[in-house]
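As you go down the protein sequences, you meet chains A and B in turn. Counting from 1 along the first sequence, just add 402 to a position and that's the residue number in our numbering. Counting from 1 along the second sequence, just add 402 to a position and that's the residue number in our numbering. First up is the structure itself, then whatever we jot down about it.
There are 2 protein chains.
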Amino acid sequence: MIAAPHPPSRRRPAGQVRSALIAAGLELAQAGGPDAVVLREATRRVGVVPNAAYRHFADRDALLAEVCVAAMDQLAGRMLEQVAAVPGGGDAKQAAIARLGALGVAYLDFATQETGLFETAFAVPRHLEYAGDTADGHRPTPFQLLGRGLDELVTAGVLPAERRPDAEYPVWSSVHGMAVLITQGPLRGVPGQFARQLTDQLLAFIARGV
Amino acid sequence: MIAAPHPPSRRRPAGQVRSALIAAGLELAQAGGPDAVVLREATRRVGVVPNAAYRHFADRDALLAEVCVAAMDQLAGRMLEQVAAVPGGGDAKQAAIARLGALGVAYLDFATQETGLFETAFAVPRHLEYAGDTADGHRPTPFQLLGRGLDELVTAGVLPAERRPDAEYPVWSSVHGMAVLITQGPLRGVPGQFARQLTDQLLAFIARGV
DNA sequence: GGCGTATGGTGGACGGTGTCCACATAATTC
DNA sequence: GAATTATGTGGACACCGTCCACCATACGCC
């Protein structure tokens, strides 16, 4: 046996393995949702032995939780992009409405195009807390973006100020509910054309209800 | 070794093991959601060896799928109860609105009180189809109940007939979204009082938007 | 009525997973 | 330079879903 007595046993720069594990977990989540982020596979991709993960995370759920906030951050990024792409000029009321609509469409597009990540973003393990809004280094949360959109609606004079408080919740519920029903629920697999019709219908519904 | 050469190896009446497995799975789902319905534990509760399950289900997902329709059926049952409990007399318009509201409240109550079952009802395995509406022997689906509620709204003159088509979807999305956000999503753990306020606000939102 | 055959149970095994323990090394601190 | 801490390794355990080979019963058919 001429086996090397101890394989180099190299050690990566501080924090590198940790973030690499999160990145690997994100890949797995993208491909297969939260259940697919399996600790051993993540370590395999990073090129490290399974137990090494326990130097950086208490357990698999702790890793998953980090992946979840990363996924949520990606959703927020997509929403930011889309709202920035809305042409600005013209009527202020129309613009505010268009920007809010862009947020909703981005939300739904992300859910259908990146179903794994979308599912993961909301799959924070049961006993763990959802990270408070906008942890350091991250974008504003989708919830905050929605709040800004509604504020714009008020300043543009579209939404009466007295109806602004807590208006986030029904709007968020509507969009989130449709996203869930289409991507994971009984409405999954409906043809894209019908899904788009549902989206338009939903936006009109929200505009009347808010 | 005086071991009995072959333990009785008894055989249950036809179909009994199958339904017992579903019932056991339902218990597991109630306590811990879809991930908790684990094949081996179900067989253990039924008092049978793990492999016996494979005589009745192709695999664990097939068992889970059956548990899902049972859970959905329970949700429908709760909705039926609640809508039947709405006092009938008085203004037809008010009555129709009250009955639709009762459906929504029942949906949300079920989600908060039976979170495991609620989660399971919508956790049909990816590659399997959602059972078409109202399989034999089951109650009407929640979706059908919602449709009836909206029909009542039309006949009572509350909802213009031209807005009836496909009105299920935005309404369903709103209620379902809130249920998901409160029970599994970022809103979980909010105090019950706030949750109730959100529910009222949501119903008003729906009434305006529909 | 005897008998073959499908039906539904058993036992044992395999690979995969999360997690724990004991150990070994590299980096950091005094 | 020594002691301590942080990080990676190796090996093990229990649990899970699933497959294979075997066996006992119930049932239809001649």
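No residue lacks a Cβ here, since even glycine has one placed at the ideal position from N, Cα and C. These numbers come from a predicted model, not from an experiment.
* Excluding five sequence neighbours on each side, which residues of the same chain lie with their C-beta closer than 6 Å to the C-beta of P452(A)? -> Around P452(A): R442, T445.
* Coarse secondary structure for E570(A), derived from DSSP in three states -> Judged by DSSP in its simplified three-state form, E570(A) adopts helix.
* To do: Would you check if the distance between the CB atom of L466(B) and the CB atom of P542(B) is smaller than 8 Å?
  => Going by C-beta atoms, L466(B) is not nearer than 8 Å to P542(B).
* Minimum length 3: unbroken beta strand (DSSP E) runs contained in the region 490 to 551 of chain A -> For the region 490 to 551 of chain A, not a single whole beta strand (DSSP E) run of length 3 or above is found.
* To do: Inspect the beta-carbon positions of I505(B) and L548(B) and report whether they are closer than 8 Å.
  => Correcting the residue type first, residue 505(B) is Leu in the shown sequence and not Ile. In contact: L505(B) and L548(B) (Cβ atoms closer than 8 Å).
* Asked: First and last residue of the alpha helix (DSSP H) that includes R447(A)?
  -> From DSSP, the alpha helix (DSSP H) with R447(A) extends over 441 to 448.
* Asked: Leaving out five residues before and five after L530(B) in sequence, what residues of the same chain have Cβ atoms less than 6 Å from its Cβ?
  -> Here the set comprises A467.
* Is the CB of P562(A) under 8 Å away from at least one CB in chain B? -> Not one chain B Cβ lies under 8 Å of P562(A).
* To do: Tell me whether R480(B) sits in a helix, a strand or coil according to DSSP, three-state version.
  => Helix at R480(B).
* C-beta neighbour in chain A for F520(B), strict 8 Å -> Answer no: the Cβ-Cβ gap between F520(B) and chain A never drops below 8 Å.
* Taking all protein chains shown into account, decide if F596(B) is buried (16 or more other Cβ within 10 angstroms of its Cβ) or exposed. => With a 10 Å radius around the Cβ and a threshold of 16 neighbouring Cβ atoms, F596(B) comes out exposed.
* Other residues of its chain near M580(A): CB distance less than 6 Å, five sequence neighbours each side excluded -> Beyond the five residues adjoining it in sequence on each side, M580(A) comes within less than 6 Å, by CB distance, of L604 in the same chain, given in chain order.
* To do: Closer than 7 Å by C-beta to A563(A): which residues in its own chain qualify, once you throw out the five before and the five after it? Chain order, please.
  => Once the five neighbours on either side are set aside, the close Cβ partners of A563(A) are V556.
* Asked: Would you call the CB atoms of A389(A) and A494(A) closer than 8 Å?
  -> Residue 389(A) lies beyond the range of chain A shown here (403 to 612); nothing can be said about it.
* Collapsed DSSP secondary structure at P407(A) in the structure displayed -> With a pLDDT of 39 at P407(A), under the threshold of 50, the predicted position of this residue should be treated as unreliable, and no value is reported.
* Name the residue from F512(A), A486(A), V612(A), V560(A) whose alpha carbon lies nearest to the alpha carbon of H578(A). => Residue nearest to H578(A) within the set F512(A), A486(A), V612(A), V560(A) is F512(A) (criterion: CA-CA distance).
* Asked: Under 8 Å between the Cβ atoms of V439(B) and G427(B)?
  -> The answer is yes: Cβ separation under 8 Å.
* Asked: Quick one: does H529(A) have its CB under 8 Å from some CB of chain B?
  -> Not closer than 8 Å to any Cβ of chain B, the Cβ of H529(A) fails to qualify, so no.
* Got a sec, what are the start and stop residues for the alpha helix (DSSP H) G611(A) sits in? -> 594 to 611 is the extent of the alpha helix (DSSP H) around G611(A).
* To do: Could you tell me which of L510(A), I424(A), L583(A) sits nearest to A473(A), measuring between CA atoms?
  => Scanning L510(A), I424(A), L583(A) for the CA closest to the CA of A473(A) turns up I424(A).
* What residues of chain B sit near F512(A), judged by a beta carbon separation below 8 Å? -> Think of a sphere of 8 Å around the beta carbon of F512(A): no beta carbon from chain B falls inside it, the nearest being about 15 Å out.
* Does I424(B) have its Cβ less than 8 Å from a Cβ in chain A? -> No, no contact with chain A.
* Given R618(A), which residues of its chain have a CB within under 6 Å of its CB, disregarding the five upstream and five downstream residues? -> The structure shown does not extend to residue 618(A), since chain A is modelled only from 403 through 612, so no value can be given for it.
* Counted within 10 angstroms of its Cβ, other Cβ atoms place V612(A) as buried (16 or more) or exposed -> The C-beta of V612(A) has 16 or more other C-beta atoms within 10 Å across all chains shown, which makes the residue buried.
* Between E483(B) and Q586(B), is the Cβ-Cβ spacing less than 8 Å? -> Contact flag unset, no.
* Would you identify the three-state DSSP class for V432(B), choosing helix, strand or coil? => A small correction: the amino acid at residue 432(B) is Gln; Val does not occupy that position in the sequence shown. Helix.
* To do: Using alpha carbons as the reference points, say which of G417(B), T517(B), I584(B), H540(B) lies closest to L430(B).
  => Nearest option by C-alpha distance: T517(B).
* Which of the three DSSP states, helix, strand or coil, is assigned to D463(B)? -> When secondary structure is reduced to three states using DSSP, D463(B) falls in the helix class.
* To do: Establish whether the CB of V582(B) and some CB of chain A are separated by less than 8 Å.
  => Interface with chain A (8 Å Cβ-Cβ cutoff): V582(B) is included.
* Pairwise C-alpha distance: R447(B) and A422(B) -> When rounded, the distance between both Cα atoms is 9 Å.
* Asked: In this structure, does DSSP put H458(B) in helix, strand or coil?
  -> H458(B) sits in coil when the DSSP states are folded into three classes, being neither helix nor strand.
* Is the CB of I499(B) under 8 Å away from at least one CB in chain A? -> No, I499(B) lies away from the interface with chain A (no Cβ there is under 8 Å from its Cβ).
* Asked: Does any residue of chain B bring its CB to less than 8 Å from the CB of M481(A)?
  -> Look at M481(A): its C-beta is not under 8 Å from any C-beta on chain B.
* Shorter than 8 Å from the beta carbon of L604(B) to some beta carbon of chain A? -> It does; some Cβ of chain A falls within 8 Å.
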